[in-house]
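Take a look at the structure below.
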Amino acid sequence: MLQAYAGGRLFGTAFGPGVPRVVALHGWARTHADFTGVLGGLDADTGAIAVDLPGFGATPPPPEVWGGRQYAEAIVPLLADLPEPPVLLCHSFGGRVGVHLAAGWPDHVRALVLTGVPLLRLGGGRKPALRYRVGRALHRRGILGDEAMERLRQRYGSTDYKRAQGIMRAVHVVAVNETYEDQLAATRCPVELVWADNDTEAPLPVAERAATMLGNQATLTVLPGAGHMTPLTAPDALRAAIERQLAGQ
0 MLQAYAGGRL FGTAFGPGVP RVVALHGWAR THADFTGVLG GLDADTGAIA VDLPGFGATP
60 PPPEVWGGRQ YAEAIVPLLA DLPEPPVLLC HSFGGRVGVH LAAGWPDHVR ALVLTGVPLL
120 RLGGGRKPAL RYRVGRALHR RGILGDEAME RLRQRYGSTD YKRAQGIMRA VHVVAVNETY
180 EDQLAATRCP VELVWADNDT EAPLPVAERA ATMLGNQATL TVLPGAGHMT PLTAPDALRA
240 AIERQLAGQ
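Note that numbering that gives the first Met the number 0 has the sequence shown beginning at 0, numbered continuously upward.
Rendered as structure tokens:
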């Protein structure tokens with residue numbers, strides 16, 4: 000059953016009768032439902048909340064173009080209402096929000112469990128097609144019309160970009176151009192990285208580099224044969240990571 004949080008600005012679902020000790024943040028174009036298999040199996044005394052981030056599921060889009068920090072600011076009231084700092088379980092886009100929360104509001108975060116998060120930009124990334132880059136430059140100068148630019152976007156843009164509507168398309172552009180070195184450097188809580196070795200959206204070297212940057216506060220668990228959608232395909236591994244962090248291990 001959907002519930003309202005943060006003064007009615009967020010919607011999501013609570014799991015378990017216990018005090019919420021876990022908050023889950025989903026990936027791009029996903030919803031709180033991705034975490035049902037993970038959070039539904041927690042101990043009965045451990046409550047959890049999975050929210051729909053603004054622009055997804057039941058939560059309305061942001062009023063303007065947001066980046067990771069603005070999304071984090073939207074989650075802070077939910078965390079502040081909890082009796083104790085929760086473990087944040089973050090998948091993909093949700094991890095962009097989670098690292099901002101851990102860095103900017105450390106008193107509200109007990110630990111991070113991150114999976115499939117594009118935290119860092121690896122070298123050698125593929126540039127957009129030349130035709131698209133030229134079209135974008137001409138569009139910015141008012142030489143190329145909106146309809147022609149949209150045709151280029153539909154032909155050359157990523158699947159997530161093409162599917163995004165309205166303001167969420169601009170949010171997507173901001174998100175994919177962010178990196179989180181500064182937030183990782185400022186994070187002081189334990190961080191558990193649970194990563195699929197076949198993740199093509201956030202490849203394993205991203206997690207390995209992040210673990211090196213975080214040092215002793217980070218642990219990395221690799222899931223052989225798994226892909227990007229770990230909340231659906233590896234719920235037991237994510238639940239085990241949550242339980243380790245709740246136990247203080």
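Backbone N, C-alpha and C fix where the C-beta goes; we use that ideal spot for every residue, glycine too.
Query raised in the report: V116 by DSSP, collapsed to three states: which one?
Result: In the three-state reduction of the DSSP assignment, V116 falls in the coil class.
Query - For P76, the first and last residue of its enclosing beta strand (DSSP E) - result: Taken as a continuous stretch (DSSP letters only), P76 belongs to no beta strand (DSSP E), being part of the alpha helix (DSSP H) at 67–79.
Report task. Keeping to the same chain, check which residues put their C-beta closer than 6 Å to that of A233; ignore five residues upstream and five downstream. Result -> Excluding residues within five positions, the ones whose Cβ falls inside 6 Å are L222, A225.
Requested in this report: Select from H138, V86, P105, H171 the residue whose C-alpha is nearest the C-alpha of F92.
Outcome: Proximity to F92 across H138, V86, P105, H171 peaks at H171, based on C-alpha coordinates.
Query raised in the report: Are the Cβ atoms of A240 and V205 separated by less than 9 Å?
Result: For A240 and V205, no; Cβs fall outside 9 Å.
Requested in this report: Give the DSSP-derived three-state secondary structure of H227 in the structure shown.
Outcome: H227: coil per DSSP, three-state reduction.
Report task. Return the first residue and the last residue of the alpha helix (DSSP H) that V172 is part of. Result -> Taken as a continuous stretch (DSSP letters only), the alpha helix (DSSP H) holding V172 covers 166–175.
Query raised in the report: Which partner residues does P19 have in the DSSP bridge list?
Result: Residue pairing from DSSP places P19 in a beta bridge opposite G46.
Query raised in the report: Since Y179 and R238 are thought to touch, with beta carbons under 8 Å apart, how far apart are those beta carbons, to the nearest angstrom?
Result: Between Y179 and R238 a beta carbon distance of about 25 Å is seen, past the 8 Å cut, so the two are scored as non-contacting.
Query raised in the report: What is the residue span of the alpha helix (DSSP H) that Q182 lies within?
Result: Taken as a continuous stretch (DSSP letters only), the alpha helix (DSSP H) holding Q182 covers 180–185.
Query raised in the report: Where do the ends of the alpha helix (DSSP H) carrying T199 lie?
Result: From DSSP, T199 is part of no alpha helix (DSSP H); its letter is neither H nor E.
Query raised in the report: Are P85 and P19 close, meaning C-beta to C-beta below 9 Å?
Result: Yes, Cβ-Cβ distance for P85 and P19 is below 9 Å.
Query raised in the report: What are the start and end residues of the alpha helix (DSSP H) that includes G97?
Result: Its alpha helix (DSSP H) spans residues 92–103.
Query - Where the alpha helix (DSSP H) through A209 begins and ends - result: Looking at the DSSP string, the run of the alpha helix (DSSP H) that includes A209 is 203–213.
Report task. For the beta strand (DSSP E) holding L245, just list the boundary residues, first then last. Result -> First-last for L245: 234–245, but that is the alpha helix (DSSP H), not the beta strand (DSSP E).
Query raised in the report: Ordered along the chain, which non-local residues of its own chain (more than five positions away) have a Cβ less than 8 Å from that of A217?
Result: Excluding residues within five positions, the ones whose Cβ falls inside 8 Å are P189, V190, E191, L192, A209, A210.
Report task. Enumerate in chain order the residues of its own chain whose CB-to-CB distance from P60 is below 7 Å, with the five nearest sequence positions on each side excluded. Result -> Counting only Cβ-Cβ distances below 7 Å, and skipping sequence neighbours, we find P53, G54, G165, I166, M167.
Query - DSSP three-state assignment for Q219, whether helix, strand or coil - result: Sequence inspection shows Leu at residue 219; the Gln mentioned does not correspond to that position. If DSSP states are grouped into helix, strand and coil, L219 belongs with the strands.
**Report entry** From F14, A236, A71, residue whose alpha carbon lies closest to that of A43
**Finding:** For A43, the closest of F14, A236, A71 by C-alpha to C-alpha distance is F14.
**Report entry** Presumed contact (8 Å Cβ cut-off) between L100 and V112, rounded CB distance
**Finding:** About 13 Å; that fails the 8 Å criterion.
**Report entry** Length of the line joining the Cα atoms of A147 and L77
**Finding:** Taking the CA atoms as reference points, A147 sits about 42 Å from L77.
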